[in-house]
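For what it's worth, this note's numbering labels the leading residue of the sequence shown as 38, then goes sequentially.
For glycine and all other residues, C-beta sits at the position ideal for the given N, C-alpha and C.
One structure is given here, and the rest of the page talks about it.
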Amino acid sequence: MQPMDLRGLSPAPVTAFTRDGEVDHKANAKIAKWLISMEGVKSLVILGHAGEGTFLTEEERLALIRTYVEAVDGAVPIIAGITGEGTKVAAGEAKKCKAAGATGALVYPNHGWLRFGFQKGAPQDRYKAIWQESGLQCILFQYPDATKASYDLDTQVAIATQEGVVATKNGVRNMKRWYVEIPELKKANPDLQVLSCHDEWLLPTMFDVDGLLVGYGNIAPELLIDLIKAGKAQNYPEARKIFERLLPVTRAVYHRGSHMEGTVALKLGLVHRGILDHATIREPLKNLGEKAEAEIFAAFDAAGIGRVDQLLAAE
């Protein structure tokens, strides 16, 4: 197995819909082609939270994978969010995603664990089954510390050292754990690629990672690529400068009442940038209203993040 190279930005794109709520394959291909046009984008991760993946039918999910695979034409791997509840169900889902053209799997925890917690050994068995059934390269997904689906260090190490696991998307959102556990993971598997997904506050994690796997990559990929470069160079002043520039957008998109609102805000951001014509979403997501839309658009203006067509014309 040649591991995916994720040492850069891996955006988690939204799923574009038509105005009547169907998957808009033309618009999704446009998003994909725009994102991979930027040097530093290493993969596209679809069908996760930002992509409303659990709101799509199986047929829609597989068709979207095929659309992305065709759009990128081998330039970057397509990674599919695997969200099936049972281990057998998730493994079967992964096998179908592989057949549709996916290269990797972002493995979500069984969502029952969010409420009830997990039994020892169950998470690593989930990853093992997905790898053995599908051959998709797996990304260990560490949920926030506030949930019961946040894996303890022993569980993370067990998963990170399994065959087929190439990276971890860490969103623990507890810096005490971050500073203890990330070095231990790297010690256990020096080849493990560490990707931060702390959209709300990326700066504290930028100096310990190989890259970012974030929904934020939808709306400001150019600045996030620069932020990664600054972090890898251990250039705190430059990273801080980029962080401060992004802060109005961070607040408007991610410092909202619910993290799920961020998906709606991402689509509005793409409208403001000229990538999408409208921000159609699916239930149970709700529109944010005109006031929030104005706040989000104003935040992009304050950050100096313009329309993509204007940037292309300037070049």
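- Query: From what residue to what residue does the beta strand (DSSP E) around N207 run?
  - Reply: 202–207
- Item | Sufficient close CB pairs (3 or more, under 8 angstroms) joining the region 49–68 to the region 262–280 | no
- Query: Where does D346 land, buried or exposed, given buried means 16+ other C-beta within 10 angstroms?
  - Reply: exposed
- Where does A351 sit, in a helix, a strand or coil, going by DSSP? Per-residue confidence for A351 stands at a pLDDT of 45, beneath the threshold of 50, marking its modelled position as unreliable; the derived number appears in the next sentence. Note: A351 maps to helix in three-state DSSP.
- Only counting runs of 4 or more residues, tell me where the alpha helix (DSSP H) segments fall wholly within the region 253–289, in order along the chain. 258–269
- Query: Name the DSSP beta bridge partners of L46, please?
  - Reply: The beta-bridge partner set that DSSP reports for L46 consists of V78, L249.
- Message: Restricting to Cα atoms, I'd like to know which of V308, E320, K328 is closest to A64.
- Response: V308
- Backbone CA spacing between L349 and G343 [nearest angstrom]: Unreliable positioning characterises L349 in this predicted model, as indicated by a pLDDT of 45, which lies under 50. A coordinate reading is not provided.
- Task: Determine the burial state of E130: buried for a count of at least 16 other Cβ atoms within 10 Å of its Cβ, exposed for fewer.
- Result: buried
- Considering only the beta carbon of each residue, do P48 and N255 sit closer than 8 angstroms? yes
- Throw me the rounded Cβ distance for the P258 and L46 pair, which I believe falls under 8 angstroms. 6 angstroms
- Message: DSSP three-state label for Q199, please.
- Response: Residue state, collapsed to three classes: coil.
- Query: Roughly how many whole angstroms lie between the Cα atoms of V78 and K185?
  - Reply: Answer to the nearest angstrom: the Cα atoms are 32 angstroms apart.
- Message: In the DSSP assignment, the alpha helix (DSSP H) including A69 goes from what residue to what residue?
- Response: 62–73
- Task: Mind checking which residues open and close the beta strand (DSSP E) that includes L232?
- Result: Where L232 is concerned, the enclosing beta strand (DSSP E) starts and stops at 230–233.
- Might you give, ordered along the chain, the residues of its own chain that have their beta carbon closer than 8 angstroms to the beta carbon of A302, omitting 5 neighbours on each side? A289, V290, Y291, R293, L325, A329, I333
- Spatial neighbours of P114 in its chain, beta-carbon cut-off 6 angstroms, leaving aside the 5 residues before and after: M41, S80, T140, G141
- Task: With DSSP as the reference, label I167 as helix, strand or coil.
- Result: helix
- Item | Within 8 angstroms, strictly: CB atoms of L99 and K133 | Yes, the pair counts as a contact, with Cβ atoms nearer than the cut-off.
- Task: Measure the alpha-carbon distance for M38 versus G172 and round it to whole angstroms.
- Result: Approximately 9 angstroms between the Cα atoms of the pair.
- Alpha carbon of I116 to alpha carbon of L250, nearest angstrom: Those two C-alpha atoms are separated by around 11 angstroms.
- Message: For a test of the three-state rule: what should DSSP assign to A117, helix, strand or coil?
- Response: strand
- Task: Quick one: grab the DSSP three-state call for I102.
- Result: Reduced to three states, the DSSP call for I102 is helix.
- Message: If you measure between the beta carbons of Q193 and L239, is that distance less than 8 angstroms?
- Response: In this structure, L239 does not lie closer than 8 angstroms to Q193 by Cβ.
- Nonlocal neighbours in the same chain, by C-beta distance under 6 angstroms from Q73, ignoring five residues either side: It should be noted that the sequence gives Ile, not Gln, for residue 73. V109, A112, V113, listed in sequence order.
- Counting only the same chain and skipping the five closest in sequence on each side, list residues whose C-beta sits under 7 angstroms from that of A351. Reliability fails at A351, whose pLDDT of 45 lies under 50, so the model's placement of it is uncertain and no value is given.
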